[in-house]
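Mapping of the sequence shown onto our numbering: position 123 corresponds to residue 248, and the numbering continues sequentially without gaps.
From the three backbone atoms N, C-alpha and C, an ideal C-beta is built for every residue, glycine too.
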Amino acid sequence: MKTYTGEPFYFNGGRPAVILLHAYSGNSNDVRMLGRTLQKHGYTVYAPVFTGHGGDPCRILRDGDPDAWWEDTQLAIRRLRDSGHDQLAIFGLSLGGLFATRALENDAQLSGGGVFASPITTWGQSNVPEYFQRLAMNYYRKEQTPQAAVDDKMAWIKEHLPAQLAAIQAMTKQLDADLDQIHQPFFIAQGGRDEMIDPQSGAQLADRLRAQGTTVDYHFYPDATHLLTVNTAHRQLFADVLDYLQKLFEVSDDNKNKR
């Protein structure tokens, strides 16, 4: 069985446009359902795949890093603007939310956006190292990789993963320090049964932003786990994102009753 690794997608819709950024151990499949939903409601949607993602997990560590992923994010923004989309929002799941936040801190022309289960204030409190290694093992099993090769790859991952996670944490600390640069309305979604990060991280971020006067649209899904865009909370999340975007862009949603 071959795993489907996901490709960048561009769903053409209306003039308001949305960028969706995927998770650390994921790819564009993380946000594909949300992308189709937004397209049906009149938005153009673009989801890049971060450098190194979409295949062998070793590639994430070998080819990717926060600098490359930030460049991916900036290229996505430029692509949509070059296509004439001046009304633009950006969201991200987990790691993707870190870069959506960075974009909003650095680009005042973005209309808004936000995060889904992203540990902006609590990155050090996560189960990412263990989860990443389990994901890698599952990938190699599905790919029917010979055991000797699996052993070599897993040893390589264990050696190189800590440095990349440290680089992500360093970037996140800077994001935390620069939150006062965010002036756009900010969307936050968090699951109460998040197995990857502190379930209180979303509320902490909301409190920080509200304290500085930023408008926050915060949603807590008590029974939801980490991957909010594909788990039991996804339908409610999609509805909440659509409501946020409708207010952000002040557009009518003729399909609202079709959700």
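At the C-beta level, P173 and D197 come within 8 Å of one another.
By DSSP's assignment, T270 forms no beta bridge with any residue. Judged by their CB atoms, L353 and Y346 are nearer to each other than the 8 Å cut-off. Taking C-beta atoms as the reference points, Y149 and V253 count as a pair closer than 8 Å.
Within the segment 281-344, the runs of beta strand (DSSP E) at least 3 residues long that lie entirely inside it are, in chain order, 311-316. The DSSP-derived three-state label of I215 is strand. Closest in alpha carbon position to L334, among N356, D365, T226, M262, is T226. Taken in chain order, the complete beta strand (DSSP E) segments of 3 residues or longer contained in the segment 143-174 are 169-172. The DSSP-derived three-state label of G138 is coil. For G189, same chain residues with a beta-carbon under 8 Å away, outside a window of 5 residues either side, are F175, T176, G177, H178, Q289 in chain order. Assigned with DSSP and collapsed to three states, G237 falls in strand. The C-beta of A302 has fewer than 16 other C-beta atoms within 10 Å across all chains shown, which makes the residue exposed. Taking a contact as a CB-CB distance under 8 Å, the pair T162 and G139 does not count as one, their CB atoms being some 14 Å apart.
According to the DSSP secondary-structure assignment, S251 is paired through a beta bridge with I322.
In chain order, P324, F345, Y346, P347, D348, A349 place their CB closer than 8 Å to the CB of G317, counting only its own chain and leaving out the 5 sequence neighbours on each side.
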